[in-house]
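Participant: My structure is below; once you've seen it, I'll send some questions.
Numbering (our numbering), first residue to last: 96 to 255.
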């Protein structure tokens, strides 16, 4: 009975992974982002599931779950907002544990219709990291050397 339940759960996880991988990515337009504010969200659950599955011992799984709880609590205490201004200026506001910091950087849409955010001191992005629209959410992807896109479990949700 336990084995059948485990197989069912595994199948559901695989189907869930396939559905998120097969989501259509749409090109980003200036109209999608300019003059709008988005909030950064980080989904660590998928990564943690992989780490737990790869764990060599019960102790290692317990440690990973404990660390995951701490990380989740820290992430809940941090809000990051992206305000896409005209002239390709990006205002990044970080609110963490009662403190607020604002930085400015630049954004652009590349020839392929992907959003690219330039480097800042606290937010690292490069030309291999692009953002595409998936169901009205901007999702970060890492483009590897052969052009494949890997979902980075980081996304922007429009708040205005």
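By construction, the Cβ of each residue, glycine as well, lies at the ideal position given by its N, Cα and C atoms.
Given a threshold of 16 other Cβ atoms within 10 Å of its Cβ, counted over all protein chains shown, does residue 217 qualify as buried or as exposed?
Facilitator: Locating residue 217 in the chain shown gives position 122, counting from the first residue. Its pLDDT being 46, under 50, residue 217 is placed unreliably by the model, and the measurement read from it follows with that caveat. So residue 217 counts as exposed.
Participant: Counting only runs that start and end within the segment 142-193, where is the beta strand (DSSP E) found for 3 or more residues in a row?
Facilitator: Segments of the beta strand (DSSP E) lying fully in the segment 142-193: 173-179, 184-191.
Participant: What's the gap between the Cα of residue 251 and the Cα of residue 166?
Facilitator: Indexing the chain shown from 1 puts residue 251 at position 156. Indexing the chain shown from 1 puts residue 166 at position 71. The straight-line gap from Cα to Cα measures roughly 19 Å.
Participant: Kindly list the residues whose CB is nearer than 7 Å to the CB of residue 174, restricted to its own chain and excluding five residues on each side of it in sequence; keep chain order.
Facilitator: Translated into positions along the chain shown, residue 174 becomes position 79. Answer for residue 174: 134, 190, listed in chain order.
Participant: How would you label residue 235, buried or exposed, when you count the other beta carbons within 10 angstroms and need 16 or more for buried?
Facilitator: Residue numbering aside, residue 235 sits at position 140 when the chain shown is read from its first letter. Classification for residue 235: buried.
Participant: Between which two residues does the beta strand (DSSP E) carrying residue 126 extend?
Facilitator: Position 31 of the chain shown holds residue 126. First-last for residue 126: 125-128, but that is the alpha helix (DSSP H), not the beta strand (DSSP E).
Participant: Assuming contact is defined by CB atoms lying nearer than 8 Å, are residue 198 and residue 213 in contact in what I supplied?
Facilitator: Indexing the chain shown from 1 puts residue 198 at position 103. Indexing the chain shown from 1 puts residue 213 at position 118. Result no, Cβ atoms of residue 198 and residue 213 do not sit closer than 8 Å.
Participant: By DSSP's criteria, residue 201 is part of a beta bridge. Which residues make up the other side?
Facilitator: Along the chain shown, read from residue 1 onward, the residue named residue 201 stands at position 106. Residue 201 is bridged to 184.
Participant: In chain order, what residues of the same chain lie with their CB nearer than 8 Å to the CB of residue 129, ignoring the 5 residues before and after it?
Facilitator: For this step, residue 129 is matched to residue 34 along the chain shown. Once the five neighbours on either side are set aside, the close Cβ partners of residue 129 are 179, 180, 181.
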